[in-house]
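Enquirer:
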Amino acid sequence: MAKDDPRQISNRWVLHLDMDAFFASVEQLTRPTLRGRPVLVGGRGGRGVVAGASYEARAYGARSAMPMHQARRLVGAPAVVVPPRGAVYRAASERVFGAVRESIPVIEMLSFDEAFGEPAELAGAGSDDARAFAEALRERIRRQTGLTASVGAGSGKQIAKIASGAAKPDGVLVIEPDRELTYLHALPVRKLWGIGPVSGDRLARLGIETIGDFAALAPTEAASVLGAKIGLALHELARGIDERPVRERAEAKQISSESTLAVDIVDLVPLREEISRAAADAHRRLSTDGRLARTVVLKLRRADMSVLTRSLTLAVGAADLVDLTAAAQRLALDPRDIGPIRLVGVGYSGLTTAEQFTLFDSPAGEVIGEAAPDDDSPELTAAGLDSAFGESQESGWATGSDVRHNEYGHGWVQGTGHGVVTVRFETRATGPGIARTFTLPEPFLQIADPLDSLDWNEPG
1 MAKDDPRQIS
11 NRWVLHLDMD
21 AFFASVEQLT
31 RPTLRGRPVL
41 VGGRGGRGVV
51 AGASYEARAY
61 GARSAMPMHQ
71 ARRLVGAPAV
81 VVPPRGAVYR
91 AASERVFGAV
101 RESIPVIEML
111 SFDEAFGEPA
121 ELAGAGSDDA
131 RAFAEALRER
141 IRRQTGLTAS
151 VGAGSGKQIA
161 KIASGAAKPD
171 GVLVIEPDRE
181 LTYLHALPVR
191 KLWGIGPVSG
201 DRLARLGIET
211 IGDFAALAPT
221 EAASVLGAKI
231 GLALHELARG
241 IDERPVRERA
251 EAKQISSEST
261 LAVDIVDLVP
271 LREEISRAAA
281 DAHRRLSTDG
291 RLARTVVLKL
301 RRADMSVLTR
311 SLTLAVGAAD
321 LVDLTAAAQR
331 LALDPRDIGP
341 IRLVGVGYSG
351 LTTAEQFTLF
361 DSPAGEVIGE
371 AAPDDDSPEL
381 TAAGLDSAFG
391 ESQESGWATG
401 SDVRHNEYGH
411 GWVQGTGHGV
421 VTVRFETRAT
431 GPGIARTFTL
441 PEPFLQIADP
451 LDSLDWNEPG
């Protein structure tokens, strides 16, 4: 088809870039012996959840958010389970989207592994130009990071996001203007961005199975089924009307850390220990962010899956760990009164860069209330991965830990027990490495910074 065919020209081309199996791919990148193997990222305990699965693991039916015990049963003996390493995923994300910004200065991040972009040079261009741009972008990412991405392109965010999902893994799909509606309307209605299980079931009961079925409704019918605001907005998207701009997203409104526990907490003393741990973990992220926090939030998920959320607002913004931990501890509730606790989270909100001072001796404020129980799941962010998808883990020679040996360099623990530890020595730059077994204690073996596994000391 001719490059200048007017049917293939779009006034705007929106790209949606989605990294392929990001967590597992980063693990396979930094631990080369895992390449080609079914990798499951997440907690190993009875309550562990899959944070990410490689495509080799997905071939067995494993997927993200699945209980780890179920995923391991599906994959069987070949499964390799490693704990999440949020710091490594954050660093990889920064490098990926640093490369993207070289081609598209303004991008709208949806998460640390996907984003929208609208290249200015593609305005009024044909589909061949859009495809070439997307391929060049993927090659830039692959060259600078070693990771693969899938890219979808269309005249708006909706069609671009759908296209990137269809392009996976490691592909490009450009939906030309003259076939956008045909392509869109043939898809199941659940593919429409914003249609979840509840609204999807509601539409199915009305005989609305495809996006085309939904688009054929009168606007008033769509509003009556899904609500005036959401129903009308989704109806426009179903008809291919999507003029939403691509723009940078605002800074995070809250920094938090959550941990699902291997064993329910039934006493106040261990609860306070977990609160201190979560407060310190969130504080490390707050320090990296560089802002102060006005509000401290404590989240407790009980054994019956109900959630209690309490918050305390300080008189001034704070960045001191002692003050923030003390505030979080003031919010604690005794498990003997409220029931066993299975998840503990501490968050900092009301973030500001303005430093304020007070005439009073203490910045501590008052507890301002208790939210109604909810059942929200932990947000899927690199910042919270180290705890949100599995049991709390102590430092030591746990499987998956990063270590360094004076002679062999950086490696990771493949297994431990009975006074010995087996370490695979490798990084992104080394290729598959050798394994060595040591009798503990081994004086030349130390816990290492996980970021060293990326071995990205050279310029981008």
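Under full-length UniProt numbering, the very last position in the sequence shown is 460; numbers go up by exactly one each time.
Beta carbons: idealized from backbone N, C-alpha and C, even for Gly.
1. Just verifying my parser: in three-state terms, what is the DSSP assignment at ALA10?
2. At the level of alpha carbons, what is the spacing between LEU58 and ALA163?
3. Return yes when the Cβ of LEU110 is within less than 9 angstroms of the Cβ of ASP116, no when it is not.
4. How would you call GLY207, buried or exposed, if buried means at least 16 neighbouring beta carbons within 10 angstroms?
5. Thinking C-alpha only, which one of ALA318, GLY156, GLU180, ALA149 is nearest ASP170?
6. Taking DSSP as the reference, what is the three-state secondary structure of residue 475?
7. Beta carbon of VAL81, beta carbon of THR30: below 9 angstroms?
8. Apply the 10 Å Cβ neighbour rule to MET305 and answer buried if 16 or more other Cβ atoms are within range, or exposed otherwise.
9. ARG436 and LEU454 - do their beta-carbons sit closer together than 9 angstroms?
10. Between PHE214 and ALA222, how many whole angstroms is the CB-CB distance? I'm expecting something under 8 angstroms.
11. Just tell me which of GLU108, ALA77, GLU102, PHE112 has its CA closest to the CA of GLU94.
12. Between the beta-carbon of LEU192 and the beta-carbon of ILE211, is there less than 9 angstroms?
13. Helix, strand or coil for GLU248? Go by DSSP, reduced to three states.
14. Please report the straight-line C-alpha distance between ASP375 and VAL307, rounded to a whole angstrom.
15. Quick check on LYS161: buried or exposed, where buried means 16 or more other Cβ atoms within 10 Å of its Cβ?
16. Which residue spans inside the segment 78 to 116 form an unbroken beta strand (DSSP E) run of at least 3?
17. Keeping to the same chain, check which residues put their C-beta closer than 6 angstroms to that of THR358; ignore five residues upstream and five downstream.
18. Return yes when the Cβ of VAL26 is within less than 9 angstroms of the Cβ of ARG85, no when it is not.
19. Here's a check: name, in chain order, each residue in its chain whose Cβ is nearer than 7 angstroms to the Cβ of PRO188, leaving out the five neighbours to either side.
20. Pull up the distance between the alpha-carbon of GLN446 and that of HIS405, whole angstroms please.
21. Can you list, in chain order, the residues of its chain whose CB lies under 6 angstroms from that of GLU442, leaving out five sequence neighbours each side?
22. From the DSSP output, read off the bridge partner residues of TRP193.
23. For VAL266, name the three-state secondary structure that DSSP assigns.
24. If you follow the beta strand (DSSP E) that ARG424 is in, where does it begin and where does it stop?
25. Can you tell which of ALA448, GLY417, GLY419, VAL420 has its C-alpha closest to the C-alpha of GLU426?
26. Could you check the C-alpha separation between ILE107 and LYS157 for me, to the nearest Å?
27. So, are the CB atoms of ILE141 and VAL198 less than 9 angstroms apart?
28. State yes or no: is the C-beta of SER453 nearer than 8 angstroms to some heavy atom of the ligand HEM?
29. Exposed or buried, which one is LEU440 when buried takes at least 16 other CB atoms within 10 Å?
30. Taking DSSP as the reference, what is the three-state secondary structure of residue 465?
31. Sorted by chain position, which residues of the same chain lie with C-beta nearer than 6 angstroms to ASP281's C-beta, five sequence neighbours on each side aside?
32. Within 10 angstroms of its Cβ, does GLU180 collect 16 or more other Cβ (buried), or is it exposed?
33. Check whether the segment 279 to 295 touches the segment 314 to 334, counting contact only when three or more Cβ pairs, one atom from each stretch, lie closer than 8 angstroms.
34. Between the beta-carbon of VAL39 and the beta-carbon of ALA24, is there less than 9 angstroms?
35. Distance check for THR260 and GLU394, CA to CA, integer angstroms please.
36. Where DSSP assigns a beta bridge to LYS299, which residues make up the other side?
Expert: Taking the geometry as given:
1. Residue 10 sits at position 10 when you count from the first residue of the sequence shown. According to the sequence displayed, residue 10 carries Ser and not Ala. It is coil, neither helix nor strand.
2. The residue you call residue 58 lines up with position 58 of the sequence shown. The residue you call residue 163 lines up with position 163 of the sequence shown. Going by the sequence as given, residue 58 is Arg instead of Leu. Going from the Cα of ARG58 to the Cα of ALA163 covers about 20 angstroms.
3. What you label residue 116 is simply residue 116 of the sequence shown in a count that begins at 1. What you label residue 110 is simply residue 110 of the sequence shown in a count that begins at 1. The residue you asked about is not Asp; residue 116 is Phe in the sequence shown. In this structure, LEU110 lies closer than 9 angstroms to PHE116 by Cβ.
4. Here the question's residue 207 lines up with position 207 in the sequence shown. With fewer than 16 Cβ atoms within 10 Å of its Cβ, GLY207 is classed as exposed.
5. Working through the sequence shown from its first residue, we reach residue 170 at position 170. Among ALA318, GLY156, GLU180, ALA149, the Cα nearest to that of ASP170 is on ALA149.
6. An answer regarding residue 475 cannot be provided, because it is not within the stretch 1 to 460 covered by the chain.
7. Translated into the one-based positions of the sequence shown, residue 81 becomes position 81. Translated into the one-based positions of the sequence shown, residue 30 becomes position 30. Going by C-beta atoms, VAL81 is not nearer than 9 angstroms to THR30.
8. Position 305 of the sequence shown, counted from the start, is the residue given in the question as residue 305. Looking at its Cβ environment, which holds fewer than 16 other Cβ atoms inside 10 Å, MET305 is exposed.
9. Here residue 454 corresponds to residue number 454 of the sequence shown, with the count starting at 1. Here residue 436 corresponds to residue number 436 of the sequence shown, with the count starting at 1. Their beta carbons are not under 9 angstroms apart, which means LEU454 does not touch ARG436 by this criterion.
10. In the sequence shown, the residue the question calls residue 214 occupies position 214. In the sequence shown, the residue the question calls residue 222 occupies position 222. That pair is a contact at about 7 angstroms.
11. Working through the sequence shown from its first residue, we reach residue 94 at position 94. Just measuring C-alpha positions, the residue of GLU108, ALA77, GLU102, PHE112 sitting nearest GLU94 is PHE112.
12. Translated into the one-based positions of the sequence shown, residue 192 becomes position 192. Translated into the one-based positions of the sequence shown, residue 211 becomes position 211. It is a contact, given that the beta carbons lie within the stated cut-off.
13. One-based indexing of the sequence shown puts residue 248 at position 248. Three-state DSSP puts GLU248 in coil, outside helix and strand.
14. Looking up residue 375 in the sequence shown gives position 375. Looking up residue 307 in the sequence shown gives position 307. In this prediction, ASP375 scores a pLDDT of 30, lower than 50, which makes its location untrustworthy; the coordinate-derived value is nonetheless stated afterwards. Roughly 6 angstroms separates the two Cα atoms.
15. The residue labelled residue 161 in the question sits at position 161 within the sequence shown. Flag for LYS161 reads buried.
16. Those beta strand (DSSP E) runs which fall completely within the segment 78 to 116 and span 3+ residues are 80 to 82, 107 to 111.
17. Stepping through the sequence shown from its first residue, residue 358 is reached at position 358. Caution applies to THR358, whose pLDDT of 35 falls short of 50 and renders its modelled position unreliable; the value that the coordinates give is listed next. Taken in chain order, the residues that qualify are ALA315, VAL316.
18. Numbered from 1 along the sequence shown, position 85 holds the residue referred to as residue 85. Numbered from 1 along the sequence shown, position 26 holds the residue referred to as residue 26. The beta carbons of ARG85 and VAL26 sit closer together than 9 angstroms.
19. Here residue 188 refers to the residue found at position 188 of the sequence shown. The residues are GLU209, THR210.
20. Here residue 446 corresponds to residue number 446 of the sequence shown, with the count starting at 1. Here residue 405 corresponds to residue number 405 of the sequence shown, with the count starting at 1. If you draw a straight line from the Cα of GLN446 to the Cα of HIS405, it is about 6 angstroms long.
21. The sequence position of residue 442 within the sequence shown is 442, counting from 1. Contacts found: none.
22. On the sequence shown, residue 193 is found 193 positions in, with the first residue counted as 1. In the DSSP assignment, no residue is bridged to TRP193.
23. Position 266 of the sequence shown, counted from the start, is the residue given in the question as residue 266. For VAL266, the secondary structure class from DSSP, reduced to helix, strand or coil, is coil.
24. The residue labelled residue 424 in the question sits at position 424 within the sequence shown. Looking at the DSSP string, the run of the beta strand (DSSP E) that includes ARG424 is 420 to 425.
25. Translated into positions along the sequence shown, residue 426 becomes position 426. With distances taken between Cα atoms, GLU426 lies closest to ALA448.
26. Numbered from 1 along the sequence shown, position 107 holds the residue referred to as residue 107. Numbered from 1 along the sequence shown, position 157 holds the residue referred to as residue 157. Across the structure, ILE107 and LYS157 are spaced so that their CA atoms are roughly 12 angstroms apart.
27. Position 141 of the sequence shown, counting from 1, holds the residue named residue 141. Position 198 of the sequence shown, counting from 1, holds the residue named residue 198. By the CB criterion at 9 angstroms, ILE141 and VAL198 fall outside the cutoff.
28. Ligands in the displayed structure: none, and consequently the ligand HEM is not present.
29. Position 440 of the sequence shown, counting from 1, holds the residue named residue 440. LEU440 comes out exposed.
30. Lying before the first or after the last residue shown, residue 465 is absent from the chain, which here runs from 1 to 460.
31. For the purposes of this step, residue 281 is taken as the residue at position 281 of the sequence shown. The residues are SER257.
32. For the purposes of this step, residue 180 is taken as the residue at position 180 of the sequence shown. Looking at its Cβ environment, which holds 16 or more other Cβ atoms inside 10 Å, GLU180 is buried.
33. Short answer: they touch.
34. Here residue 39 is taken as the residue at index 39 of the sequence shown, counted from 1. Here residue 24 is taken as the residue at index 24 of the sequence shown, counted from 1. Less than 9 angstroms divides the Cβ of VAL39 from the Cβ of ALA24.
35. Locating residue 394 in the sequence shown gives position 394, counting from the first residue. Locating residue 260 in the sequence shown gives position 260, counting from the first residue. With a pLDDT of only 41 at GLU394, under the threshold of 50, the placement of this residue in the model should not be trusted; the figure read from the coordinates follows. Straight-line Cα distance between these residues: approximately 14 angstroms.
36. Residue numbering aside, residue 299 sits at position 299 when the sequence shown is read from its first letter. Per DSSP, THR309, GLY345.
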